[in-house]
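Taking it in order: structure first as structure tokens, then the write-up.
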Amino acid sequence: MSAIRTAAMPALARVPGVAIVLVVLLVLFGLTGPRFLTAANIANILIQSTVLILLALPMTLIVMTEGLDLSIGAVLTLGSIALAMTVIATGSPALGVIAGLAVGLGFGIANGALVALLRIPPFIATLGTLGIAQGLCLVVTDGQSVVGIPAAIERVYSGTLLAVPLPIVIAAVAYAAVHLLLYRTRFGTAVFALGGNREALRLAGVPDRLMLIAVYALGGLMAGFGALLMTARMNAAHPTAGIGLEFDAIAAVAVGGTSFERGNGWLLGTLLGVIAVGVLRNGLNLLAVPSSAQVACIGALVILALFIDAVRSRP
Amino acid sequence: MIADAPPTAPLFALRGICKQFPGVRALDDVSFEIRAGETHMLLGENGAGKSTLMKILCGAYRADAGAFLANGEPVQMTAPADARKLGIAVIFQEFTLVPYLDIAHNIFLGREFASRIPGLIDRDRLYREARRVLDAIGFAIDPREPVHRLGVAQQQMVEIAKALSQEARILVMDEPTAALSERETERLFAMIARLKAQGVAIVYISHRLAEVFALGDRITVLRDGRKVASVMARETTPDGLVRMMVGRAVDTTYGRHFCERPGKVALEVKNLSADTGIADVSLTVRAGEIVGLAGLVGSGRSEVVRAIFGADRVTAGEIRLFGAPLGGTPEDSARRGMALIPENRKQQGLALGRSVGDNIVLAGLPRMFPSGLFFPQRALAAARAMIDRLRVATPSARRTVAFLSGGNQQKVVVGKWLNADARFFIFDEPTRGIDIGAKAEIFKLIDELAASGAAVLMVSSEQTEIVHVCDRAYVMRAGRIVGELARDELSEANIVRLGMHQ
Chain R
202 MSAIRTAAMP ALARVPGVAI VLVVLLVLFG LTGPRFLTAA NIANILIQST VLILLALPMT
262 LIVMTEGLDL SIGAVLTLGS IALAMTVIAT GSPALGVIAG LAVGLGFGIA NGALVALLRI
322 PPFIATLGTL GIAQGLCLVV TDGQSVVGIP AAIERVYSGT LLAVPLPIVI AAVAYAAVHL
382 LLYRTRFGTA VFALGGNREA LRLAGVPDRL MLIAVYALGG LMAGFGALLM TARMNAAHPT
442 AGIGLEFDAI AAVAVGGTSF ERGNGWLLGT LLGVIAVGVL RNGLNLLAVP SSAQVACIGA
502 LVILALFIDA VRSRP
Chain G
801 MIADAPPTAP LFALRGICKQ FPGVRALDDV SFEIRAGETH MLLGENGAGK STLMKILCGA
861 YRADAGAFLA NGEPVQMTAP ADARKLGIAV IFQEFTLVPY LDIAHNIFLG REFASRIPGL
921 IDRDRLYREA RRVLDAIGFA IDPREPVHRL GVAQQQMVEI AKALSQEARI LVMDEPTAAL
981 SERETERLFA MIARLKAQGV AIVYISHRLA EVFALGDRIT VLRDGRKVAS VMARETTPDG
1041 LVRMMVGRAV DTTYGRHFCE RPGKVALEVK NLSADTGIAD VSLTVRAGEI VGLAGLVGSG
1101 RSEVVRAIFG ADRVTAGEIR LFGAPLGGTP EDSARRGMAL IPENRKQQGL ALGRSVGDNI
1161 VLAGLPRMFP SGLFFPQRAL AAARAMIDRL RVATPSARRT VAFLSGGNQQ KVVVGKWLNA
1221 DARFFIFDEP TRGIDIGAKA EIFKLIDELA ASGAAVLMVS SEQTEIVHVC DRAYVMRAGR
1281 IVGELARDEL SEANIVRLGM HQ
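Each protein sequence line maps, in turn, to chains R and G.
So for the first sequence, our numbering puts the first residue at 202; every next one is plus one.
So for the second sequence, our numbering puts the first residue at 801; every next one is plus one.
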């Protein structure tokens, strides 16, 4: 295990709260019926979590800089619409994907510029871009779903690589990439410093504002990839598909033990947090709990995980 | 024949440096030289311009006017990168360390070694080089240890390692011993000697005259943004330096009116123990007395006053204030007339962004406005009366506290508690970060509190302060009180003897 990762773990010898929460959830839902703990259902949970993983990974980095990105779900939706419309207009899946990524990256850079250059608090800046992106979604689609997407896009979700479902492959590659980025590159070191001691970074001659923009740009870019997965999964672009995704992403980061101060973050915790959120949603679905009530349960999950960590970190 | 630079050409020199901030001339025509293998002490009261000078030295501020010479050659100094190129490294009081990165990553922050795989850091080399730098300063610690787990002295070692890893030839240190224990201070001094021997130039900022003479080769005194003088340490005396710093002679005996007839017992502590490492602590403080709590850093002094005030949970023992048992919560202690004036004024004692007046009335609000309705004019009048009484140097009661000097901020904290009718005062390191002129003012204030019948318990790491200010003192070691010194036994030697192992 890498040294900084050890460093970022909430407690070395103790099992983090998110792992306990995850085990408890698996046991609880396993007890409710035979349909939950099946290989097919577990695979289903993982595949359904892939969009959230793409968002929660960069969200971890953003939170580590003592920031937040509320726009990430709306940007994903807009990217999905851009992808769908471009594919339909040009017939080229590649152009569609590029359009989706460009929308994501553009909004990410805009978020980063608002936060880093204009010094607008991240909550306000990304609330603004959330409104803009969500509004654009509804305007360009007239509130209607964009359908008639060629099958090539859909195969990104249903296809497999060496028998592994493609969404899992994409999420695994994304995780590995962000892991390397955070723990093995100068950019990653800068992420720790942006939240932990920005002055130190500045004095070290690192362009701190550029790094901060890059953090948000990464979030936008990953939302662009999320748009691809989302569009492929639904075989359409729905103007409201991404609403609330930012909530799940921030919840997963918090459940995973990344604290919102001093640059203390843990990427593996976020991955476990995403799975915990996915397990919770899936289990509640099987129990026929309505989606609105699931949000309340995710909220409770966040508080529970942080409560466990807080209780055990007491001397 | 070519005219060589004189053999004593300074490593680095500043000539006529000026720096203006809105409304303040922070530096005015300051010149100053740094020589290899020499410790250059920088002295001055708070606000004299030391911090500004440091920020200019490290390239964080840009000078409005003036020149910089490296080995006699004019050089650029406009960005942190310029300072690094010239081999200047600054160790600030507030460390520039990233808490959740490990030691090695902190040492090489912004200068990480590139791996053969493009974009990645060569971690083997990172840890190897970190080990080498840490060994060079004799710091035996795993470079993979995250910085947030280290103590202050260890973090300072990491800062020094970081500076030296940049091949720094000029090391600037801002009050490096402020948070160190005596043993850690000795270790630091030994390291400074080692660095000097290697030809490193040290610029050392300090308030402590003892340090100035223990370390300094050359001393520069700043006052109000101007250089008063640069002198060789062996050619000056402490009194001479103090006169230069404040522009007048300061009485270091603080003119105490020692308490001849202590009043009733104000505070009685019996066999107090707490989870924070203190055990079986008993002490009494009478009205009109100033009682010192001495001992090394880490001996449990702050823990004792925190436990008395109710800030930490007490596991055993009894605390009586003015004859009645204390409830064990800060709210109860404050309501009963006890005031804790913490070491960290800025974080614990003041609402920095609010006005002087707001801060003064804060703790007295329930007493002044029992109906719950607030009358601004009455609050302002009370605040102004307190400002006059304590001689707080502020243009008005509406001035934001953050703009006041350390000594005046301390007065505001005291005024806040006086306004809340406090009669028992606990001062935890009342002069930390306060310049020498303001120290006398603070002690005068504490003396007046005692003379007016209040009881005072004072924690201080500066033995001279305990000796000159206190009527009596308790000495702590390893969480226990190991002795009590009456007025006639109170000396630095006795405190040190009790505070260390025999």
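C-beta atoms are modelled at their ideal positions from N, C-alpha and C, and glycine is treated no differently.
Asked                                                                                                                                : Found
Residue 1045 of chain G classed as buried or exposed, judged by whether at least 16 other C-beta atoms fall within 10 angstroms      : buried
Buried or exposed (CB count within 10 angstroms, at least 16 for buried), residue 409 of chain R                                     : buried
Bridge-paired residues (DSSP) for residue 974 of chain G                                                                             : G:1005
Enclosing beta strand (DSSP E) for residue 1118 of chain G [first to last residue]                                                   : 1114 to 1121
Supposed contact pair residue 282 of chain R and residue 394 of chain R - C-beta distance, whole angstroms, cut 8 Å                  : That pair is no contact at about 37 Å.
Residue-chain proximity (residue 921 of chain G, chain R), Cβ-Cβ < 7 Å                                                               : yes
Option nearest residue 1153 of chain G by Cα separation, candidates G:1120, G:881 and G:1198                                         : G:1198
Exposed unless 16 or more other CB atoms sit within 10 angstroms - verdict on residue 209 of chain R                                 : Caution applies to residue 209 of chain R, whose pLDDT of 45 falls short of 50 and renders its modelled position unreliable; the value that the coordinates give is listed next. Classification of residue 209 of chain R: buried, given that the 10 Å Cβ count is 16 or more.
Helix, strand or coil at residue 883 of chain G [DSSP, three-state]                                                                  : helix
Touching by the beta-carbon criterion (3+ pairs, under 8 Å), the stretch 274 to 291 of chain R and the stretch 300 to 308 of chain R : yes
Cβ contact (3+ pairs, closer than 8 Å) linking the stretch 319 to 336 of chain R and the stretch 263 to 271 of chain R               : yes
C-alpha distance - residue 433 of chain R paired with residue 458 of chain R, whole-angstrom precision                               : 31 Å
Cβ contact check for the stretch 441 to 454 of chain R and the stretch 937 to 947 of chain G: 3 or more pairs under 8 Å              : no
Counted within 10 angstroms of its Cβ, other Cβ atoms place residue 906 of chain G as buried (16 or more) or exposed                 : buried
Any C-beta of chain R under 7 Å from that of residue 861 of chain G                                                                  : no
Simplified DSSP state of residue 1030 of chain G, which is helix, strand or coil                                                     : strand
Closest Cα partner of residue 1041 of chain G within the set G:1002, G:1021, G:1025 and G:988                                        : G:1021
Chain-ordered chain G contacts of residue 393 of chain R [CB-CB under 7 Å]                                                           : 898, 900 and 901
C-beta contact flag for residue 961 of chain G and residue 992 of chain G at 7 Å                                                     : no
Nearest residue (CA-CA) to residue 1211 of chain G, options G:1179, G:1141 and G:1169                                                : G:1141
Contact list for residue 1103 of chain G against chain R, beta-carbon separation under 8 Å                                           : Residues of chain R passing the Cβ test: none, with the nearest at roughly 13 Å.
Separation of residue 1249 of chain G from residue 516 of chain R, as counted between CA atoms                                       : In this prediction, residue 516 of chain R scores a pLDDT of 45, lower than 50, which makes its location untrustworthy; the coordinate-derived value is nonetheless stated afterwards. If you take the alpha carbons of residue 516 of chain R and residue 1249 of chain G, they lie about 38 Å apart.
Enclosing beta strand (DSSP E) for residue 817 of chain G [first to last residue]                                                    : 812 to 821
Cβ shell of residue 497 of chain R (< 7 Å), same chain only, five flanking positions each side left out                              : none
is_contact[residue 881 of chain G, chain R] using C-beta, thresh 7 Å                                                                 : yes
Within 7 Å, strictly: CB atoms of residue 367 of chain R and residue 357 of chain R                                                  : yes
Close beta carbons around residue 412 of chain R, own chain, < 7 Å, minus the five adjacent residues each side                       : 388, 391 and 395
Bridge partners - residue 435 of chain R, DSSP secondary structure assignment                                                        : According to DSSP, which records beta bridges pairwise, residue 435 of chain R is partnered with nothing at all.
Buried/exposed call for residue 852 of chain G, threshold 16 Cβ in 10 Å                                                              : buried
Residues bridged to residue 1224 of chain G [DSSP beta-bridge criterion]                                                             : G:1138 and G:1255
Three-pair Cβ contact test at 8 Å for the stretch 1132 to 1141 of chain G versus the stretch 1076 to 1095 of chain G                 : no
Test item: CB-CB of residue 256 of chain R and residue 338 of chain R under 7 Å                                                      : no
Classification of residue 980 of chain G by the beta-carbon crowding that lies within 10 angstroms, buried from 16 upward            : buried
Integer Cβ distance of residue 1230 of chain G from residue 406 of chain R, believed to fall under 8 Å                               : Not confirmed; about 39 Å, so no contact.
Min CB distance residue 213 of chain R to chain G below 7 Å                                                                          : Reliability fails at residue 213 of chain R, whose pLDDT of 42 lies under 50, so the model's placement of it is uncertain and the value that follows must be treated cautiously. By this cut-off, residue 213 of chain R is not an interface position.
Run of the beta strand (DSSP E) containing residue 841 of chain G, from where it starts to where it stops                            : 839 to 844
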